[in-house]
Amino acid sequence: MDVRLYTDNTVCHKFKDFYDEFYGGKTGLTFLDIGCGEGPFSKYIEERKNRVVAVDIINELPCTECLMSIRADIFEVDFVPNSFDCVIDNCCLQLFPLDKVVELIQKAKGWLKPGGRFYCKTAAESPYYTRVKSRLSTESNIKKMFNGFKGEYSLFTARLMTGEIASHYIVNMVKYKNGK
Ligand SMILES: C[S@@+](CC[C@H](N)C(=O)[O-])C[C@H]1O[C@@H](n2cnc3c(N)ncnc32)[C@H](O)[C@@H]1O
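Using the numbering used here, read the sequence shown as starting at 14 and increasing by one per residue.
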């Protein structure tokens, strides 16, 4: 798989809006970036003085004071419970079958602090989504993935760098305070 087909290596304005709303002006928080790629999101977080653990099976970003880079399969790593204020996935988990993703997100729920957030951008079922051949999500899939979270998700349709029109779910969910 050539991952360059799947990312333009920029930070989507949807994430910037999300970040500004919940983390703007805050520092010292800890994020996990699942499938960080070349790190546009991790760098965005780090530049804003929050810490980030960036995991990718191929890329290994240079570690800095605020960025810990791990080259690993996200399905093979584990973290101490309640480690993260926020977990983000920009178009990595969409590459995997639903049951694997459900399991991973449920595991990541344990990594999140109570009240922690999960931000995800994932390919949606759409007649326009012709080029990317990864698994496509539906509304019912999103509900299965985010069992034990509450929040919102919406469809976001935009033009890719290739000129094609693609539809994604943007998910912004909070782990229930009781952690169940
Ligand atoms: C579409 S790219 C997105 C990269 C980055 N999140 C971005 O938005 O620029 C998907 C990334 O997931 C990574 N990836 C694929 N399978 C993975 C796995 N099992 N564990 C960790 N990373 C994985 C790929 O190496 C790739 O960098």
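Don't be surprised by glycine CBs; every beta carbon is placed ideally from N, CA and C.
Keep in mind that this is a model prediction, so the values were computed, not measured.
Around the beta carbon of Met186, 16 or more other beta carbons sit within 10 angstroms, so the residue counts as buried. When DSSP states are grouped into helix, strand and coil, Pro53 belongs to the helix group. Assigned with DSSP and collapsed to three states, Ala121 falls in helix. CA-to-CA, the gap between Tyr166 and Cys76 works out to about 32 Å. Ile178 and Thr143 have their alpha carbons spaced roughly 9 Å apart.
DSSP, read as helix, strand or coil, puts Leu74 in coil. Beta bridge pairing from DSSP links Ala67 with Asp46 and Ser82.
For Asn22 and Gly52, the gap between their C-alpha atoms comes out near 8 Å. Contact between the segment 132 to 139 and the segment 96 to 108 is established, with three or more Cβ pairs separated by less than 8 Å.
CA-CA distance, Asp30 to His181, rounds to 16 Å.
For Pro75, the shortest separation between its Cβ and any heavy atom of ligand 1 does not lie below 8 Å. Ile70 and Ile87 have their alpha carbons spaced roughly 7 Å apart. Here DSSP, grouped into helix, strand and coil, assigns Leu108 to helix.
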